[in-house]
Every structure is written in C-alpha cells, then in structure tokens.
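All residue numbers for the sequence shown refer to my numbering, where the first residue is 19 and numbers rise by one.
Don't be surprised by glycine CBs; every beta carbon is placed ideally from N, CA and C.
The structure presented is a predicted model; accordingly, all values stated were derived computationally and were not measured.
Before any comments, here is the structure.
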Amino acid sequence: MAIFMLTVWFPLQKGMDVGKLYLKRPREIPFVTKWRAFNTAGGLKGSKQYHLIYTERGKGEEAWLEVQKYFLPLTNEIEGFKIDMEYLVGVTDSMKALVGMQW
Numbered sequence: 019m020a021i022f023m024l025t026v027w028f029p030l031q032k033g034m035d036v037g038k039l040y041l042k043r044p045r046e047i048p049f050v051t052k053w054r055a056f057n058t059a060g061g062l063k064g065s066k067q068y069h070l071i072y073t074e075r076g077k078g079e080e081a082w083l084e085v086q087k088y089f090l091p092l093t094n095e096i097e098g099f100k101i102d103m104e105y106l107v108g109v110t111d112s113m114k115a116l117v118g119m120q121w
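Here it is, written out as structure tokens:
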C-alpha cells in the first residue's frame with residue numbers, strides 16, 4: 019500500500035468555484051482504497067487542504083497517475099490553484115530501509 023499526502027492551496031474568493039469542480043469529479047478513483055480530505059486556513063495563500071490517499075498494495079504508480087488526472091481540471095481552470103504531492107513512507111518501513119531495524 020502506498021500513501022500520498024497532497025497539500026492544496028487556492029484563493030479564498032475561488033472557494034465556490036473549487037467546490038463546484040470537486041462535485042463534478044468522480045467519487046471513486048481507480049487503485050485508491052481510502053481518501054480523506056481536511057480543510058484549514060492557508061494564511062496569505064487563501065484556503066488550504068490536506069488530502070491523505072491510500073492505495074491498493076502494489077498499485078502506487080498507477081494511483082499516482084490517477085490522482086494527477088483527478089486534479090488536472092482544477093489546476094487548469096482555477097487561477098491560483100496550487101498542489102504539492104508527496105509520497106509517504108511509514109516509520110516501520112523507513113526504519114527497515116534506513117537502518118535495518120525492525121520496529
């Protein structure tokens with residue numbers, strides 16, 4: 019299983035437009051098993067969202083592409099919409115990989 023964390027920013031005045039586009043997007047994405055989104059204030063950048071996305075085991079690359087396709091209309095149509103995608107690694111896996119220790 020892969021986990022992605024996306025951080026999204028958009029201007030406050032674009033909130034309604036972003037919401038309308040989200041409603042047009044598919045509710046299920048191939049290879050994604052769980053998707054949680056959280057809103058918070060983004061300071062001078064406007065609104066900020068965090069998305070935690072869990073994928074099917076062994077399908078991280080495929081899910082990464084599907085998530086990019088999901089957000090493409092928002093990045094193209096909403097001026098000031100910015101996104102940062104990160105691939106997360108669990109502490110247990112990173113301990114094994116970095117120092118050969120089992121947690």
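> Going by Cα to Cα distance, which pick from E79, M113, P48 and E95 is closest to V36?
Replying inline: E95
>> What ranges does the alpha helix (DSSP H) occupy inside the segment 52–98, keeping only unbroken runs of at least 4 residues that lie completely in it?
In response: 78–95
>> Within 10 Å of its beta-carbon, does V117 have 16 or more other beta-carbons around it, so buried, or fewer, so exposed?
In response: So V117 ends up on the exposed side.
>> Run through the DSSP bridge pairs and tell me what V36 is partnered with.
In response: V36 pairs with nothing; no bridge assigned.
> DSSP three-state call for V26: helix, strand or coil?
Replying inline: strand
> What's the call for L30, buried or exposed, on a 16-neighbour Cβ count within 10 Å?
Replying inline: L30 should be labelled exposed.
> Are F11 and H69 close, meaning C-beta to C-beta below 9 angstroms?
Replying inline: Given a span of 19 to 121 for the chain in the structure shown, any question on residue 11 remains unanswerable.
>> Could you check whether F22 and E104 sit closer than 9 angstroms to each other, using their CB atoms as the reference points?
In response: Yes.
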